[in-house]
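Just so you know, the sequences run in chain order A and B. For the first sequence, the numbering used here gives the first residue as 1, with consecutive numbering after it. For the second sequence, the numbering used here gives the first residue as 1, with consecutive numbering after it. Quick reminder that beta carbons are idealized off the backbone N, C-alpha and C, glycines included. Below is one structure; the comments refer to it alone.
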Amino acid sequence: MPSSSNAAAARHADANWTPDQPIVAIRNVHKSFGDFEVLRGITFDVMKGDVICIIGASGSGKSTLLRCINALVPIDSGSIKVEGQEVHQPNLNTLALRKKVGMVFQQFNLFPHKTALQNIMMAPVQVLKQDKDAVRERARRLLAKVRLEGKEDAYPGELSGGQQQRVAIARSLAMNPDVMLFDEVTSALDPETVNEVLLTIRELAEEGMTCMLVTHEMGFAREVADHMYFTDRGIIVEHGPPQEFFANPKDERTKAFLGQIL
Amino acid sequence: MQEIYEWFRWLNEATGINLTIVYDSYDRERMIDGFVNTIYLSLVCLGFSVIIGIVGAWLQGSPLKWTRRLVNGYIQLFRNTPPLVQMYFFFFALGSLMPRVENEWGIMEPILSNWHWAILSLSFFAGSFNVEIFRSGIEAVPKATVEAAEALGYNRLQTYVYVVLPLALRVCLPALNNNLVNLVKTTTLAYAIAVPEMLYVANQIWSDSLNVPEMMTFLLFAYVLLVGLLVMVMNKWERSMRLPGFGA
């Protein structure tokens, strides 16, 4: 999306970050829950417009990593920078970060007391204090973009899982993020609705949105990803372009995992 | 109207059922005032106690340890003591410490009247329960929903106002309903510090007209009516807030 990249550049006119530097830079991140070390030194970069997929067994720290990127979970050590701005610092401008980083969850997490359209409009109006009529227009366009015209007034409880998830994607896009995080967004869906959500994500990726996906949809990952990452017990075991990654994985653990899944 | 008054006068002569509050204009006006005062006292305390509940439940989730302790101390104090003792404490103990001011006739009077104390003590009494009621509602809101709000840039207060509270309210309405019913009934305690609500007025009337059973019966039905109205409104509200696919 050219408009969003201009906006991103404008927002950082004063920072040293330029769009040719990594949009997300993760350096040696460690994180423990109690005695259990979930992340044991994760390092990688995501460039603007990249689509990266993180795969790995449950409990290998994939979701935690995504949550660390938008500061939902604090890290123990290391560094995460989004557009050059350190995420884990005491005087973090949380709102500025959350504006840049959109997140879509496994369980959709729509606000059940608001209609589909209101769900999309809420944050821009209530948090960013944008003009309500302009936001409504944008929300309608976003709803059309995720193929849900006519569902403006439906409550989340009246929508199928796939429809709810697409509303959740539209809700996140309404904040005009520069990076989208997708945390196993199709895992809670019925098989027949998975494709409609994947299609929406694919379109976003093709428009140039920077996307980080934690997913179990290997076929989808192979098609949309620019880069694959495989995590095992808190570290990145192997990564590479999808053709190579899937065709001949080098690490034994990757081979075993792919062997189970494919 | 005149015929109705006459009928009640006849009823008194014929059967001894003496409802002065119908046919005697002085008693009638006293009782209407008492009725209006009870409604006024109920509504004001209802409003304040709900505000206390909402704000208290918000402060209870504060990251500051002492704020949380303060709220919990308040709840313990007001939940664990009888409301009549609280009212006496407010009126006699705190009231005597208050400065006095000159009123419009040049007489010195306490800065807070018995009305003020009744409203204060009843609101804090019902408010302490409301904090716990709202807390139970807040705890029923999925953490994931709160997380989604955070991810959209909502700060703690915005999350509470726009997401948590509207959902919590739907969960805790039945319990809130109960407590507000209790509050309306507890307004009769204001009698103890001479607030002219219904019970106080009834007492004055039966002292004059010696019609205790009649007034007691009237009071009973008046409260059935008042509380019935409140419950009806609350149930209607509960129904109007029901959401497809949320809660029961």
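Whole-angstrom distance between residue j and residue i, CA atom to CA atom
i                     : j                     : result
residue 248 (chain B) : residue 19 (chain B)  : Low confidence applies to residue 248 (chain B): its pLDDT is 46, below 50, so where it sits in the model is not reliable, and the reading given next is rough at best. Approximately 47 Å between the Cα atoms of the pair.
residue 178 (chain A) : residue 236 (chain A) : 24 Å
residue 125 (chain A) : residue 115 (chain A) : 15 Å
residue 145 (chain A) : residue 155 (chain A) : 19 Å
residue 122 (chain A) : residue 151 (chain B) : 13 Å
residue 219 (chain B) : residue 90 (chain B)  : 26 Å
residue 13 (chain A)  : residue 61 (chain B)  : Unreliable positioning characterises residue 13 (chain A) in this predicted model, as indicated by a pLDDT of 41, which lies under 50. The coordinate reading is nonetheless provided below. Approximately 38 Å between the Cα atoms of the pair.
residue 215 (chain B) : residue 81 (chain B)  : 30 Å
residue 171 (chain A) : residue 153 (chain B) : 12 Å
residue 284 (chain A) : residue 109 (chain B) : It is not possible to answer for residue 284 (chain A), since the shown part of chain A is limited to 1 through 262.
residue 65 (chain A)  : residue 51 (chain B)  : 40 Å
residue 94 (chain A)  : residue 109 (chain A) : 20 Å
residue 68 (chain B)  : residue 134 (chain B) : 15 Å
residue 205 (chain B) : residue 58 (chain B)  : 45 Å
residue 33 (chain B)  : residue 182 (chain B) : 22 Å
residue 215 (chain A) : residue 156 (chain B) : 30 Å
residue 90 (chain A)  : residue 192 (chain A) : 44 Å
residue 238 (chain B) : residue 176 (chain B) : 11 Å
residue 38 (chain B)  : residue 188 (chain B) : 8 Å
residue 165 (chain A) : residue 43 (chain A)  : 30 Å
residue 41 (chain A)  : residue 245 (chain A) : 21 Å
residue 100 (chain B) : residue 88 (chain B)  : 19 Å
residue 206 (chain A) : residue 255 (chain A) : 29 Å
residue 130 (chain A) : residue 167 (chain A) : 20 Å
residue 93 (chain B)  : residue 25 (chain B)  : 38 Å
residue 178 (chain B) : residue 204 (chain A) : 50 Å
residue 241 (chain B) : residue 117 (chain B) : 34 Å
residue 210 (chain A) : residue 48 (chain A)  : 6 Å
residue 149 (chain A) : residue 143 (chain A) : 6 Å
residue 283 (chain B) : residue 142 (chain B) : Outside the modelled stretch of chain B, which goes from 1 to 248, sits residue 283 (chain B), for which no answer is possible.
residue 243 (chain A) : residue 56 (chain A)  : 17 Å
residue 13 (chain B)  : residue 234 (chain B) : 42 Å
residue 253 (chain A) : residue 188 (chain A) : 26 Å
Contact list for residue i against chain B, beta-carbon separation under 7 Å
i                     : result
residue 105 (chain A) : 144, 148
residue 99 (chain A)  : 153
Residue i vs residue j beta-carbon contact at 7 Å
i                     : j                     : result
residue 125 (chain B) : residue 86 (chain B)  : yes
residue 29 (chain A)  : residue 78 (chain A)  : yes
residue 51 (chain A)  : residue 70 (chain A)  : no
residue 117 (chain A) : residue 152 (chain A) : yes
residue 190 (chain A) : residue 106 (chain A) : no
residue 131 (chain B) : residue 53 (chain B)  : yes
residue 75 (chain A)  : residue 62 (chain A)  : no
residue 137 (chain B) : residue 171 (chain B) : yes
residue 261 (chain A) : residue 228 (chain A) : no
residue 55 (chain B)  : residue 115 (chain B) : no
residue 169 (chain A) : residue 83 (chain A)  : no
residue 120 (chain A) : residue 139 (chain A) : yes
residue 19 (chain A)  : residue 246 (chain B) : no
residue 186 (chain A) : residue 194 (chain A) : yes
residue 230 (chain B) : residue 184 (chain B) : yes
residue 128 (chain B) : residue 78 (chain B)  : yes
residue 196 (chain A) : residue 162 (chain A) : yes
9 Å Cβ cut-off: residues of chain A touching residue i
i                     : result
residue 243 (chain B) : 112, 113, 155, 156, 157
residue 246 (chain B) : 112, 113, 155, 156, 157
Residues that residue i contacts on chain B, provided the C-beta gap is smaller than 9 Å
i                     : result
residue 175 (chain A) : 152, 153
Neighbouring residues, chain B, relative to residue i (Cβ below 8 Å)
i                    : result
residue 95 (chain A) : 153, 155
CB contact below 7 Å: residue i versus chain E
i                    : result
residue 46 (chain A) : No chain E is present in this structure, whose protein chains are A and B.
Quiz item: the stretch 208–238 of chain B: which residues have C-beta closer than 9 Å to a C-beta of chain A, in chain order?
Solution: none
Positions along the stretch 106–118 of chain A whose CB lies within less than 9 Å of some CB in chain B:
Of all residues in the stretch 106–118 of chain A, only 106, 107, 108, 109, 110, 111, 112, 113, 114 come within less than 9 Å of chain B when Cβ atoms are compared, listed by chain position.
- Interface residues of the stretch 153–175 of chain B facing chain A [CB-CB below 8 Å]: Under the 8 Å Cβ criterion, the stretch 153–175 of chain B contributes 153, 154, 155, 158, 162, 163, 166, 167, 170.
Report the start-end ranges of each alpha helix (DSSP H) in the stretch 72–98 of chain A that is 4 residues or longer and not cut off at the edges. none
**Asked** Going along the stretch 122–151 of chain A in order, which residues come within less than 8 Å of chain B, judged by CB to CB distance?
**Response** Per Cβ criterion, the list reads 122, 123, 126, 127, 128.
For this session: Closer than 8 Å, Cβ to Cβ, to anything on chain B: give me those residues from the stretch 69–81 of chain A, in chain order.
Result: Within the stretch 69–81 of chain A, the qualifying residues are 70, 72.
Which runs of the alpha helix (DSSP H) spanning at least 4 residues fall entirely within the stretch 125–176 of chain B, listed in chain order?
Counting only runs of 4 or more, we get 143–151, 156–159.
> Unbroken beta strand (DSSP E) runs of length 3 or more, entirely within the stretch 157–238 of chain A: which are they?
Replying inline: 179–183, 210–214, 227–232
Q) At what residue ranges does the stretch 7–34 of chain B contain a whole run of the alpha helix (DSSP H), taking only runs of 4 or more? A) Runs of the alpha helix (DSSP H) spanning 4 or more residues and lying entirely within the stretch 7–34 of chain B occur at 20–23, in chain order.
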